[in-house]
Amino acid sequence: MKVYQLLADALVAQGVDTVFGLLGDANMFLVSDLVARHGVRFVAARNENAAVMMADGYARATGRCPVATVTQGPGLAVAGAALTIARQARTPLVLVAGDTPPGDPGHVQSFPQQPFALATAGEMVPVVAAANVARDVATAFRLARSAGGPVVLNVPIDLQDQDVADDVPAPVAVAVTRRPGPPAAHPDDVAMLAALLQKAERPVVLAGRGAEAAATAVRELADRSGAVLATTLMAGGLFADHPYCLGVAGGLARPLTRRVLGEADLVLAFGAGLNRWTADHGRLFGQATVVCVDIDPAALGDRWPVDVPVVGDAEMVASAVSAALPVISRPQWRSAELAREVAAADAFAGLEPLQAADRIDPRAFIRVCARRLPPQRTTVVGVGHFGGWPNLLLDSPATDRALIAPWEFGSIGVGLPFAVGAAVGRPDRPVVAFEGDGSLLTGLGELDTLARTGAAVLLIVLDDSAYGAEVRKLRPRGVDPALARFPDRDLAAVARALGVPAWTVTDEASADAAFDAVLPVTGPALLHVRVHPDAVQEHF
0 MKVYQLLADA LVAQGVDTVF GLLGDANMFL VSDLVARHGV RFVAARNENA AVMMADGYAR
60 ATGRCPVATV TQGPGLAVAG AALTIARQAR TPLVLVAGDT PPGDPGHVQS FPQQPFALAT
120 AGEMVPVVAA ANVARDVATA FRLARSAGGP VVLNVPIDLQ DQDVADDVPA PVAVAVTRRP
180 GPPAAHPDDV AMLAALLQKA ERPVVLAGRG AEAAATAVRE LADRSGAVLA TTLMAGGLFA
240 DHPYCLGVAG GLARPLTRRV LGEADLVLAF GAGLNRWTAD HGRLFGQATV VCVDIDPAAL
300 GDRWPVDVPV VGDAEMVASA VSAALPVISR PQWRSAELAR EVAAADAFAG LEPLQAADRI
360 DPRAFIRVCA RRLPPQRTTV VGVGHFGGWP NLLLDSPATD RALIAPWEFG SIGVGLPFAV
420 GAAVGRPDRP VVAFEGDGSL LTGLGELDTL ARTGAAVLLI VLDDSAYGAE VRKLRPRGVD
480 PALARFPDRD LAAVARALGV PAWTVTDEAS ADAAFDAVLP VTGPALLHVR VHPDAVQEHF
């Protein structure tokens, strides 16, 4: 047996059944063994960065710790942005990276992989001896699962091809590392929060993704204290059926939400990574006392000032505060009029679409999406000006890992690979991904990957023939935005050439016709939507 075969055994022992990657000299025999001897599914990407993004999308959609693999040198170097995104998102992920022989510093693909891995992923486990392979693999998975974040498992190519001695330890079975139990609600904090809620006149209870499991307790606290409810974008839909849920708070807040939150005097946030976007740079609830409850002390006030930080589990704290409160009635805050406004709210009210012969206003297109897209789906939104439209106007429930927004590093080119990974991980529901033309053109090769996987992904490309964000930042400063504009390209034809069925949309009629053709989503499809370049979304 070779070391690469022992490595394959160790990965499978950790529960690995799918691997994303791109073959090269330093990982091709490992991948071949995983597929031939263990029946592992290998999703072959066209770019190493995309391969790691696919693994990240798989992790976000499933909650599992996935594996990606790249070859030595440039293979790892190309994956740097994806590793940084995963690190900032704390995505548990193991990247098996080949490496050049330590004794050959003149190798054409040699470069300092350890400092690079530490600067991007943040963790690296070097495999230096056959006897340690099983232990090192287990260590990489333990670090990824317990600390949260990507880990590079670095394996030199010459070591992989060594014969394994008979006394090398067999791979250990998967051992899920359990984190310490959630911190209980401290009595002093409970009393303080109860007092704040009793004193407040216009309280808001805000839930983030970290409070999804505590939704019932948080809702009960809001009802008991007479608070209105809101969520972050990443927890959208958590209280969708509640008569006093204002929807998403932040820069993407709709007019009603923005108006009511502007009147709040207390915002009590549970499991929400408060940041400049959640607070809309201080414009959203600037007059309120902001209280944040989180199990991670480092997250409290990390990205936005918090007046009152509270360390604790969302469900425990919410339940304890409810138990300490009398029922509070606030008819002037939770009014019948507000309930009617919430029920009647229309994201597209007053829309007067911009007109052009061969372009559709993106807001008009999203209105069609709201009417036609299946509610049971995974939604992926890439990075760029185009993302503001689905984020603001389209209700994309984020419960059950159904919304993936990989914006942590501000990197474009994320929508398609994350969508592929999410679809591979959750084949029980279709994926609808929104991308821009500039973003898609950074990784066109992954359309081929989408076609080969046959995954149920509807890729919607909102094409304004520009880097829209740059155009909208250059023009107000009096700088000619021509450098950020590009010729029209037939992206539907490109998609079809790479094996993905595609349709072009230029108006609402062609949008409906395209949806008639692609729904229900059972395989790859692309809508090339030529959008009006003058429609501006300030909050993207």
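Taking numbering that gives the first Met the number 0, the leading residue of the sequence shown gets 0, the next gets one more, and so forth. All C-beta atoms, glycine included, are put in the ideal place defined by N, C-alpha and C.
Flag this pair as yes or no: are the beta carbons of residue i and residue j separated by less than 8 Å?
i      : j      : result
PRO352 : LEU265 : no
LEU117 : LEU324 : no
VAL413 : VAL430 : no
ILE403 : GLY56  : yes
GLY236 : ALA397 : yes
THR545 : ALA58  : There is no way to answer for residue 545, as the model of the chain reaches only from 0 to 539.
ALA313 : ALA226 : no
LEU525 : ALA494 : yes
GLY250 : MET233 : no
LEU92  : ALA54  : yes
GLU67  : VAL51  : Checking the sequence shown, residue 67 turns out to be Ala, not Glu. Result yes, Cβ atoms of ALA67 and VAL51 sit closer than 8 Å.
ARG468 : ALA422 : Checking the sequence shown, residue 468 turns out to be Ala, not Arg. Taking 8 Å as the Cβ cut-off, ALA468 and ALA422 do not qualify as a contacting pair.
GLY261 : LEU283 : yes
GLU122 : VAL77  : no
ARG543 : PRO480 : Past the boundaries of the shown model lies residue 543; the chain is included only from 0 to 539, so the question cannot be answered.
GLY424 : ALA60  : yes
LEU267 : LEU205 : yes
Is it right to say residue i is buried, meaning 16 or more other beta carbons lie within 10 angstroms of its own, or is it exposed?
i      : result
PHE417 : buried
VAL127 : exposed
ASN274 : exposed
LEU482 : exposed
PHE238 : buried
GLN286 : exposed
For my contact list, residue i and residue j are in at a C-beta cut-off of 8 Å; report their separation, rounded to the angstrom.
i      : j      : result
PRO485 : ILE459 : The amino acid at residue 485 is misidentified as Pro; the sequence shows Phe. 19 Å between Cβ atoms; not a contact.
VAL292 : PHE269 : 5 Å
PHE28  : ALA44  : That belief does not hold up - the Cβ atoms of PHE28 and ALA44 are roughly 18 Å apart, past 8 Å.
PRO389 : VAL382 : Their Cβ separation, rounded to whole angstroms, is 12 Å, which puts PRO389 and VAL382 out of contact at 8 Å.
PRO242 : ALA338 : 5 Å
ILE411 : GLY437 : 6 Å
VAL419 : LEU461 : About 19 Å; that fails the 8 Å criterion.
LEU449 : PRO500 : Between PRO500 and LEU449 the Cβ distance is about 11 Å, and since that is not below 8 Å, they are no contact.
VAL2   : VAL163 : 6 Å
PRO6   : VAL132 : Note on residue identity: the sequence assigns Leu, not Pro, to residue 6. The pair is a contact, with the Cβ atoms about 5 Å apart (cut-off 8 Å).
GLY74  : GLY147 : About 25 Å; that fails the 8 Å criterion.
Output needed for residue i: all residues of its chain with C-beta closer than 6 Å, excluding positions within five of it in sequence on either side, in chain order.
i      : result
ASP98  : GLN71, GLN112, ASN153 and PRO155
THR176 : Reliability fails at THR176, whose pLDDT of 49 lies under 50, so the model's placement of it is uncertain and the value that follows must be treated cautiously. Around THR176: ARG141, ARG144 and SER145.
THR378 : SER395, LEU402 and VAL431
TRP406 : VAL382
VAL307 : VAL290
PHE110 : GLY72
By Cβ distance, which residues of its chain are closer than 8 Å to residue i, with the 5 residues on each side in sequence left out?
i      : result
VAL11  : LEU33, HIS37, VAL39 and PRO170
VAL316 : ALA184, ASP188, VAL189, LEU192, PHE269, VAL292 and VAL309
HIS280 : GLY250
Assuming residue i is part of the beta strand (DSSP E), what are its boundary residues?
i      : result
CYS291 : 288-293
THR543 : There is no way to answer for residue 543, as the model of the chain reaches only from 0 to 539.
PRO202 : 202-206
THR68  : 66-69
TRP502 : 501-504
LEU353 : It is not in any beta strand (DSSP E) - LEU353 carries neither H nor E in the DSSP assignment.
Contact criterion: CB-CB distance below 8 Å. Does residue i meet it with respect to chain B?
i      : result
TRP406 : This model lacks chain B altogether, as it is built from one protein chain only.
Grab me the residues of residue i's own chain with a C-beta within less than 7 Å of its C-beta, minus the 5 sequence neighbours each way, in chain order.
i      : result
ALA319 : ALA184 and VAL189
PRO532 : ASP463, SER464 and ALA465
ALA534 : LEU353, ASP360, PRO361 and ARG362
What is the residue span of the alpha helix (DSSP H) that residue i lies within?
i      : result
GLY414 : 414-424
CYS368 : 361-371
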